[in-house]
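Everything below concerns the one structure shown next.
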Amino acid sequence: SGSIVLPTELRSFLSSIALNNPQNIREALAQLLEDGNIHVANGCAIILRDLNTVDVAAWVHTRMVGTIISQIEMMDVEAKKVIKWATVLDGPFSALDVASANRAHRP
Numbered sequence: 003s004g005s006i007v008l009p010t011e012l013r014s015f016l017s018s019i020a021l022n023n024p025q026n027i028r029e030a031l032a033q034l035l036e037d038g039n040i041h042v043a044n045g046c047a048i049i050l051r052d053l054n055t056v057d058v059a060a061w062v063h064t065r066m067v068g069t070i071i072s073q074i075e076m077m078d079v080e081a082k083k084v085i086k087w088a089t090v091l092d093g094p095f096s097a098l099d100v101a102s103a104n105r106a107h108r109p
């Protein structure tokens, strides 16, 4: 297929979720098109909805998200706890932050 011009905002969004993996980028673009978040006309992608509202976690049927879910499911209990704490911390955090949070809330 031909080239498509992507707006800077869309390129930034794809970079943040696709880890520069071409397969993930293709899947993300296809999902954004399917969900009506973007439209392609005359070789240009047009953003139709605020990309900050896109629920990438709902894309469980994609290889991109499915792989991450599988990796998390294979982790041991302690690693899963770290992932859970990481999802609720706001902003950058360190391993020490997660350890402190885990220790503070351990029964």
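Residue numbers for the sequence shown follow this note's numbering, so the first one is 3 and each next one is one higher.
Backbone N, C-alpha and C define an ideal beta-carbon position, used for all residues, glycine too.
A quick note: this is a predicted structure, and the numbers were derived from the prediction, not measured.
For Ile6, the three-state secondary structure derived from DSSP is coil. Counting C-beta pairs closer than 8 Å gives three or more between the region 24 to 31 and the region 62 to 79, which meets the contact rule. For Leu50, same chain residues with a beta-carbon under 7 Å away, outside a window of 5 residues either side, are Gly38, Asn39, Ile40, His41 in chain order. Val67 is bridged by DSSP to nothing; it lacks a bridge partner. DSSP lists His41 as the bridge partner or partners of Ile48. Here DSSP, grouped into helix, strand and coil, assigns Val84 to helix. For Leu21, the secondary structure class from DSSP, reduced to helix, strand or coil, is coil. For the pair Val58 and Ile19, the CB atoms are nearer than the 7 Å cut-off. Contact annotation: Ile74 and Ile85 have beta-carbon atoms nearer than 7 Å.
In this structure, Ser5 is the residue among Ser96, Ser5, Lys82 with its C-alpha nearest to the C-alpha of Ala43.
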